[in-house]
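**Student:** Respectively, the protein sequence lines represent chains V and B.
Just remember that my numbering sits 64 ahead of the position in the first sequence, which is counted from 1.
Just remember that my numbering sits 1 ahead of the position in the second sequence, which is counted from 1.
For each residue, glycine too, the CB sits at the ideal point set by N, CA and C.
Predicted, not measured: the structure shown is a model, and the values here were computed from it.
Questions regarding the structure given below will be posed in turn.
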Amino acid sequence: MSKQQMEKTILGIHSNIAGDNEGFTGGHAWISVTRNGATTVYGLWPDDHPKTEDNGDGTDIRVGLEGTKFPRASRFYKLNMAQKMKLEKGLKAIVVWRYTNTCASWASELLDDVTGVGIDADDWSGFETPRELGKHILELEKLKGPSSRVSPATPEIRGTSW
Amino acid sequence: MNKLIKTLLIFIVFSISGCTEGRTKMNYKTTDISDISYKITENELELNYTPMMESLYYSPGIDLLESEGEIIIHIRRCSIKSKCEVDAKAEQGAVNKVKFELKQGYLASQIFINEKDNNSSLDILAKN
Numbered sequence: 065m066s067k068q069q070m071e072k073t074i075l076g077i078h079s080n081i082a083g084d085n086e087g088f089t090g091g092h093a094w095i096s097v098t099r100n101g102a103t104t105v106y107g108l109w110p111d112d113h114p115k116t117e118d119n120g121d122g123t124d125i126r127v128g129l130e131g132t133k134f135p136r137a138s139r140f141y142k143l144n145m146a147q148k149m150k151l152e153k154g155l156k157a158i159v160v161w162r163y164t165n166t167c168a169s170w171a172s173e174l175l176d177d178v179t180g181v182g183i184d185a186d187d188w189s190g191f192e193t194p195r196e197l198g199k200h201i202l203e204l205e206k207l208k209g210p211s212s213r214v215s216p217a218t219p220e221i222r223g224t225s226w
Numbered sequence: 002m003n004k005l006i007k008t009l010l011i012f013i014v015f016s017i018s019g020c021t022e023g024r025t026k027m028n029y030k031t032t033d034i035s036d037i038s039y040k041i042t043e044n045e046l047e048l049n050y051t052p053m054m055e056s057l058y059y060s061p062g063i064d065l066l067e068s069e070g071e072i073i074i075h076i077r078r079c080s081i082k083s084k085c086e087v088d089a090k091a092e093q094g095a096v097n098k099v100k101f102e103l104k105q106g107y108l109a110s111q112i113f114i115n116e117k118d119n120n121s122s123l124d125i126l127a128k129n
């Protein structure tokens, strides 16, 4: 790995399902952050999920649960210094999982806050779902060209996305 | 959309889906399961598997049908709000681990996941 690659911070957004044929309440969406070549995953999980620890009023942003399994839809962005700082601040925030603030809401909104890229996750009734987020990630990958950790996209200007 | 209306709609959607789930047991599809491995002894099978990660569902364990020298395993999928009874409960970790007693000795080729066909036997699906 080159020195330039080592110093990069790459933000990835992921969903393990995509499209209307998937279940309305199924799947999961999350983000990954690759810092100096090492990747960490972050997702928003409810306290009462058997895979999580109930931490009461603590943040529902959980680290490392997703691994690299089933990333049906992924898009990656290279961050500049200001964006890196916004991201680190966002990851330290206390965020609570609710039906109106799901894993898909959080991943989509964090990406928007950090990069200005809006990838829509709004499904029927305004509930934000992994299937809708996954669908729009795949559409963006097709329209703007594929991205990867090695070859991330540069954040598009707000309003040209979804 | 008005936040109150949105919350109300979501409440209705989840109330309906909660009722539906109470009546039907769901399975994870084979393609939604990874890292399958097993250990078979004369009277016990230990099965390890990782279901697709889902923030509103999980796998509480497995149900199994043992007949005519074969076993069909169903990897159950349940809402985190539901109480799901299963034949063998899974330890919830990075990988789900289930142990259950066998009535007789089996080969991995005689144990199937979800359905009995050539591509669904444990020896084909497992990584070990």
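Alpha carbon to alpha carbon, how far is B/S60 from V/D186? Give it in angstroms, no decimals.
**Tutor:** The straight-line gap from Cα to Cα measures roughly 27 Å.
**Student:** Between V/P194 and V/S79, what straight-line distance do the alpha-carbon atoms span, to the nearest angstrom?
**Tutor:** For V/P194 and V/S79, the distance between alpha carbons rounds to 6 Å.
**Student:** Applying a beta-carbon distance threshold of less than 9 Å, which residues of chain V neighbour B/Y29?
**Tutor:** Neighbours of B/Y29 on chain V: none; closest Cβ ~11 Å, over 9 Å.
**Student:** Pull up the distance between the alpha-carbon of V/T98 and that of V/P216, whole angstroms please.
**Tutor:** Distance between the alpha carbons of V/T98 and V/P216: 11 Å.
**Student:** Hey, quick one: how far does the beta strand (DSSP E) through V/T104 stretch, first residue to last?
**Tutor:** That run of the beta strand (DSSP E) goes A102 to L108.
**Student:** Since B/E55 meets chain V, which of its residues come closer than 7 Å, beta carbon to beta carbon?
**Tutor:** Near B/E55 (Cβ distances below 7 Å), the residues of chain V are G90, G91 and H92.
**Student:** For B/S122, which residues in the same chain have their Cβ closer than 6 Å to its Cβ, ignoring the five residues on either side in sequence?
**Tutor:** Contacts found: S110 and F113.
**Student:** To the nearest whole angstrom, what separates the beta carbons of V/I125 and V/L108, a pair I think is in contact under 8 Å?
**Tutor:** About 6 Å separates the two Cβ atoms, so the contact holds.
**Student:** Judging by CA-CA distance, which residue of V/L75, V/G209 and V/T123 is the nearest neighbour of V/R162?
**Tutor:** For V/R162, the nearest C-alpha among the options comes from V/T123.
**Student:** Apart from the five residues on each side of it in sequence, which residues of its chain come closer than 7 Å, Cβ to Cβ, to V/I81?
**Tutor:** Hits under 7 Å: G90, G91, R136, P194, R195 and G198.
**Student:** Could you spell out where the alpha helix (DSSP H) holding V/C167 opens and where it closes?
**Tutor:** Element bounds for V/C167: C167 to T179.
**Student:** Within 10 Å of its beta-carbon, does V/E130 have 16 or more other beta-carbons around it, so buried, or fewer, so exposed?
**Tutor:** Result: buried.
**Student:** Counting contacts by CB-CB distance shorter than 8 Å, is V/D112 in contact with chain B?
**Tutor:** So yes, V/D112 belongs to the interface.
**Student:** Just to confirm before moving on: does the CB-CB distance between B/D33 and B/Y50 stay below 8 Å?
**Tutor:** Their beta carbons are not under 8 Å apart, which means B/D33 does not touch B/Y50 by this criterion.
**Student:** Based on the DSSP output, what are the partners of V/H78 in its beta bridges?
**Tutor:** Answer is V/W94 and V/S138.
**Student:** Do V/H200 and V/D177 come within 8 Å of each other at the CB atom, strictly closer than that value?
**Tutor:** For V/D177 and V/H200, no; Cβs fall outside 8 Å.
**Student:** Use the C-beta contact count for B/I74: other C-beta atoms within 10 angstroms, 16 or more gives buried, fewer gives exposed.
**Tutor:** Answer is buried; the Cβ neighbour count reaches 16.
**Student:** CA-CA distance, B/S80 and V/P114?
**Tutor:** Cα-Cα distance, rounded: 10 Å.
**Student:** Spell out whether any CB of chain B is found under 8 Å from the CB atom of V/L16.
**Tutor:** This structure cannot speak to residue 16 of chain V, because chain V is shown only from 65 to 226.
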